[in-house]
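Q: Respectively, the protein sequence lines represent chains A and B.
Position one of the first sequence corresponds to residue 63 (this note's numbering), numbered consecutively onward.
Position one of the second sequence corresponds to residue 63 (this note's numbering), numbered consecutively onward.
Each residue gets a CB set at the ideal place from its N, CA and C atoms; glycine is no exception.
What follows is a single structure, and I will ask about it in a moment.
Protein chains: 2
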Amino acid sequence: MKDSDKAAVGRPRNKGGRPRAYDPEATLETATALLWERGLANCSLDEIARAAGINRPSLNAGFGDKRAIYLKAAARFAEMLRDRLAEALAAPDLQDAIRRALICVLDIYSPSADPERAMGCFIFCTAPAETSDRVVRQMLHQAVQDLDSLYIDRVTNAQESGELSAKCNAKALGKMLAACQQSLAMRARSGVNRKELATYVDDVIALLDHFK
Amino acid sequence: MKDSDKAAVGRPRNKGGRPRAYDPEATLETATALLWERGLANCSLDEIARAAGINRPSLNAGFGDKRAIYLKAAARFAEMLRDRLAEALAAPDLQDAIRRALICVLDIYSPSADPERAMGCFIFCTAPAETSDRVVRQMLHQAVQDLDSLYIDRVTNAQESGELSAKCNAKALGKMLAACQQSLAMRARSGVNRKELATYVDDVIALLDHFK
């Protein structure tokens, strides 16, 4: 989510000149912010409707029930994160690429110096509490696999171009980097401040020296 | 939680000869199992009381409200995990110690071959959805810090005894191992099967070769 999107969370958008009762994109943004902060089970459909400034029947008509809104918000978050990570990881130098990726993630997980505003990852910090729902569990599983793939592919490329030792297990190192991102989510969510999280990112990048 | 404890979850204990209406330890075990599977917000006090086979006033009198039960269950889980990790990490060889620690964690996070029974970590998989409660967030923060300390201390010892390169940043490597454990929790919770999780553990151990 860009800063401009963040700022828009909580107030209904009005793109055209005529008043609009229901803007699906703005509604989903507002719902995402609320579900992200509080978790699925701690939000009611009424609270989401109120935050979005629309009535509950409109919300139901547009998205279905609360679980459907959550899954839609998760899919949107996953797509946004995947796109931004892929862009960051495209940098030619491995350590620079990983740094860009983790800083991009840090900007999403902990956007300011205030740990009170650090929400961690929408998926990794809210879905695990909901895995008694098989569909949520499947969504979490897919998110874990997708993250692994992004890092494994990048590390494999670096090894093929000779940037990493041939002795290194690229798949294992890729998964370790994904683990570091998951941990970043957990650390941000627990209230570790941004400066300390940035040091954690620096440390992960420096550890990569050992795989050259 | 030991296997014998696991087996006891769900049925009230009766240590003495006389029937007991309320066994705090058995009740806490049952509450832990339910809260672990479903998350705090998806369990009601009535459900916990029903699962424990006691009435709600007894539960309230013994533990307070649902949040108090959750925090007590989390404290008990954290203590159990810390004790077992400390024991595993006491092994003299670093890689053996880390393997013992992660296998011990795997036995707790995913106790059988059935991924349906894999609950991940009680704290890391349920607390992040509840961090709008400051006390839960503080508990999660402490769990993150404690885990870091255990691994950092072990890695630092290994470096002091010459098992690891002097060039290695022991604090960074310790945090990376803690991240791998957090990721193991996430992976188990998402339904990754035990065999694949065991391979993940093997891979983490093998990566440590690069820091010698």
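1) So, with DSSP's three-state summary, where would you put Thr-193 of chain B?
2) Measuring alpha carbon to alpha carbon, tell me which residue in B:Ser-245, B:Glu-87, B:Ser-211 is nearest Phe-125 of chain B.
3) Give me the subset of the region 238 to 249 of chain A whose CB atoms are less than 9 Å from a CB atom of chain B, sorted by chain position.
4) Hey, does Ser-106 of chain B have any beta-carbon neighbour from chain A nearer than 7 Å?
5) Find the residues of chain A that neighbour Glu-265 of chain B, judging by a C-beta separation of less than 9 Å, and give them in chain order.
6) Under a Cβ-count criterion, where at least 16 other Cβ atoms within 10 Å of its own Cβ denotes burial, should Glu-141 of chain A be classed as buried or exposed?
7) Quick one: is Gln-244 of chain A buried, meaning 16 or more other Cβ sit within 10 Å of its Cβ, or exposed?
8) Do you know how far the Cα of Gln-157 of chain A is from the Cα of Ala-228 of chain A?
9) Return yes when the Cβ of Arg-144 of chain B is within less than 7 Å of the Cβ of Thr-193 of chain A, no when it is not.
10) Assuming Leu-212 of chain A contacts Leu-164 of chain A under a Cβ cut-off of 8 Å, what Cβ separation, rounded to an integer in Å, is found between them?
11) Output yes or no for whether 7 Å exceeds the beta carbon distance between Asn-267 of chain B and Ile-160 of chain B.
12) Specify the secondary structure class of Gly-124 of chain B as computed by DSSP and reduced to three states.
13) Between Gly-101 of chain B and chain A, is there a C-beta pair that is closer than 7 Å?
14) Let me know if Asp-85 of chain A comes out buried or exposed under the rule of 16 or more other beta-carbons within 10 Å of its beta-carbon.
15) Identify, in the order they occur along the chain, each residue of the same chain with its Cβ nearer than 6 Å to the Cβ of Tyr-262 of chain A, setting aside the five sequence neighbours on each side.
16) Let me know if Ser-174 of chain A comes out buried or exposed under the rule of 16 or more other beta-carbons within 10 Å of its beta-carbon.
17) Determine the chain A residues that contact Tyr-262 of chain B at a beta-carbon separation under 7 Å, and present them in chain order.
18) With a Cβ-Cβ cutoff of 7 Å, do His-203 of chain A and Gly-236 of chain B count as a contact?
19) In three-state terms, what does DSSP make of Asp-271 of chain B?
20) At a CB-CB cut-off below 8 Å, which residues of chain A make contact with Ala-268 of chain B?
21) Which chain A residues sit within Cβ distance under 9 Å of Arg-162 of chain B?
22) If you drop the 5 nearest sequence neighbours on each side, which residues of the same chain put their C-beta closer than 6 Å to that of Leu-270 of chain A?
23) Rounded to the nearest angstrom, what separates Glu-91 of chain A and Ala-114 of chain A at their Cα positions?
24) Below 9 Å on C-beta distance, what does Pro-190 of chain B contact in chain A?
25) Quick check: the region 215 to 222 of chain A against the region 213 to 223 of chain B, are there 3 or more CB pairs under 8 Å?
26) Report buried or exposed for Ala-130 of chain A, applying the criterion of at least 16 other Cβ atoms within 10 angstroms of its Cβ.
27) For Ser-194 of chain A, would you say it is in contact with chain B, using Cβ-to-Cβ distances shorter than 7 Å as the test?
28) Check whether the Cβ atoms of Asp-210 of chain A and Ala-240 of chain A lie closer than 7 Å to each other.
29) Using the beta-carbon count (16 or more within 10 Å), is Gly-224 of chain B buried or exposed?
30) Taking Cβ-Cβ distances shorter than 7 Å, what residues in chain B pair up with Arg-199 of chain A?
31) What is the DSSP secondary structure of Leu-147 of chain B, counted as helix, strand or coil?
32) I believe Ala-136 of chain B touches Ile-185 of chain B by the beta-carbon criterion, under 8 Å. Please report the beta-carbon distance rounded to the nearest angstrom.
33) Could you list which residues in chain B have their beta carbon closer than 7 Å to that of Phe-273 of chain A, in chain order?
34) Using only the alpha-carbon positions, how far apart do Lys-128 of chain B and Lys-134 of chain A sit?
A: Reading from the atomic positions:
1) For the purposes of this step, residue 193 of chain B is identified with residue 131 of the second sequence, where counting begins at 1. Thr-193 of chain B: coil per DSSP, three-state reduction.
2) Within the second sequence, the letter at position 63 stands for residue 125 of chain B. Closest by alpha carbon: B:Glu-87.
3) Met-238, Ala-240, Ala-241, Cys-242, Gln-243, Gln-244, Ser-245, Leu-246, Ala-247, Met-248, Arg-249
4) Position 44 of the second sequence holds residue 106 of chain B. With 7 Å as the cut-off, Ser-106 of chain B does not count as an interface residue toward chain A.
5) Taking the second sequence and counting its residues from 1, the one referred to as residue 265 of chain B is at position 203. The identity of residue 265 of chain B in the sequence shown is Asp, whereas the question assumes Glu. Residues of chain A passing the Cβ test: Asn-231, Lys-233, Ala-234, Leu-235, Lys-237, Met-238.
6) Along the first sequence, one-based indexing puts residue 141 of chain A at 79. Glu-141 of chain A should be labelled exposed.
7) Start at 1 with the first residue of the first sequence, and residue 244 of chain A comes out as number 182. Buried, because 16 or more other Cβ atoms sit within 10 Å of the Cβ of Gln-244 of chain A.
8) Taking the first residue of the first sequence as 1, we reach residue 228 of chain A at position 166. Taking the first residue of the first sequence as 1, we reach residue 157 of chain A at position 95. Their backbone Cα atoms lie some 17 Å apart in a straight line.
9) Numbered from 1 along the first sequence, position 131 holds the residue referred to as residue 193 of chain A. Numbered from 1 along the second sequence, position 82 holds the residue referred to as residue 144 of chain B. No, these two residues do not count as a Cβ contact at 7 Å.
10) Taking the first residue of the first sequence as 1, we reach residue 212 of chain A at position 150. Taking the first residue of the first sequence as 1, we reach residue 164 of chain A at position 102. Leu-212 of chain A to Leu-164 of chain A, Cβ: 12 Å. No contact.
11) Counted from its first residue, the second sequence places residue 267 of chain B at position 205. Counted from its first residue, the second sequence places residue 160 of chain B at position 98. Here residue 267 of chain B turns out to be Ile, not Asn, going by the sequence shown. Yes, the Cβ-Cβ distance between Ile-267 of chain B and Ile-160 of chain B is below 7 Å.
12) Here residue 124 of chain B refers to the residue found at position 62 when the second sequence is read from its first residue. Of the three classes helix, strand and coil, the one that applies to Gly-124 of chain B here is helix, per DSSP.
13) Looking up residue 101 of chain B in the second sequence gives position 39. It does; some Cβ of chain A falls within 7 Å.
14) Indexing the first sequence from 1 puts residue 85 of chain A at position 23. With 16 or more Cβ atoms within 10 Å of its Cβ, Asp-85 of chain A is classed as buried.
15) What you label residue 262 of chain A is simply residue 200 of the first sequence in a count that begins at 1. There are no such residues.
16) Start at 1 with the first residue of the first sequence, and residue 174 of chain A comes out as number 112. Label assigned to Ser-174 of chain A: exposed.
17) Residue mapping note: residue 262 of chain B aligns to position 200 of the second sequence, counting from 1. Result: Lys-237.
18) Along the first sequence, read from residue 1 onward, the residue named residue 203 of chain A stands at position 141. Along the second sequence, read from residue 1 onward, the residue named residue 236 of chain B stands at position 174. No. Outside cutoff.
19) The residue labelled residue 271 of chain B in the question sits at position 209 within the second sequence. In this structure, Asp-271 of chain B counts as helix in the three-state DSSP scheme.
20) Taking the first residue of the second sequence as 1, we reach residue 268 of chain B at position 206. Asn-231, Ala-234, listed in chain order.
21) Numbered from its first residue, the second sequence carries residue 162 of chain B at position 100. Neighbours of Arg-162 of chain B on chain A: none; closest Cβ ~19 Å, over 9 Å.
22) Within the first sequence, the letter at position 208 stands for residue 270 of chain A. Within the same chain, Leu-270 of chain A has close Cβ partners Gln-157.
23) Within the first sequence, numbered from 1, the residue matching residue 91 of chain A stands at position 29. Within the first sequence, numbered from 1, the residue matching residue 114 of chain A stands at position 52. Cα to Cα, the separation comes out at about 9 Å.
24) Counting from one through the second sequence, the residue named residue 190 of chain B turns up at place 128. Per Cβ cutoff of 9 Å: Gly-101, Gly-182, Cys-183, Phe-186, Cys-187, Thr-188, Pro-190, Ala-191, Ala-247, Met-248, Arg-251, Ser-252.
25) no
26) Mapped onto the first sequence, residue 130 of chain A falls at position 68. Flag for Ala-130 of chain A reads exposed.
27) Along the first sequence, read from residue 1 onward, the residue named residue 194 of chain A stands at position 132. Judged by the 7 Å Cβ criterion, Ser-194 of chain A is in contact with chain B.
28) Taking the first sequence and counting its residues from 1, one reaches residue 210 of chain A at position 148. Taking the first sequence and counting its residues from 1, one reaches residue 240 of chain A at position 178. In this structure, Ala-240 of chain A lies closer than 7 Å to Asp-210 of chain A by Cβ.
29) Counted from its first residue, the second sequence places residue 224 of chain B at position 162. That one is exposed.
30) In the first sequence, residue 199 of chain A corresponds to position 137, counting from 1. Per Cβ cutoff of 7 Å: Ser-252, Gly-253.
31) In the second sequence, counting from the first residue as 1, residue 147 of chain B sits at position 85. Of the three classes helix, strand and coil, the one that applies to Leu-147 of chain B here is helix, per DSSP.
32) For the purposes of this step, residue 136 of chain B is identified with residue 74 of the second sequence, where counting begins at 1. For the purposes of this step, residue 185 of chain B is identified with residue 123 of the second sequence, where counting begins at 1. Correct: roughly 6 Å between the Cβ atoms.
33) As a working note, residue 273 of chain A is residue 211 in the first sequence. Those are His-272, listed as they occur along chain B.
34) Residue numbering aside, residue 128 of chain B sits at position 66 when the second sequence is read from its first letter. Residue numbering aside, residue 134 of chain A sits at position 72 when the first sequence is read from its first letter. Approximately 30 Å between the Cα atoms of the pair.
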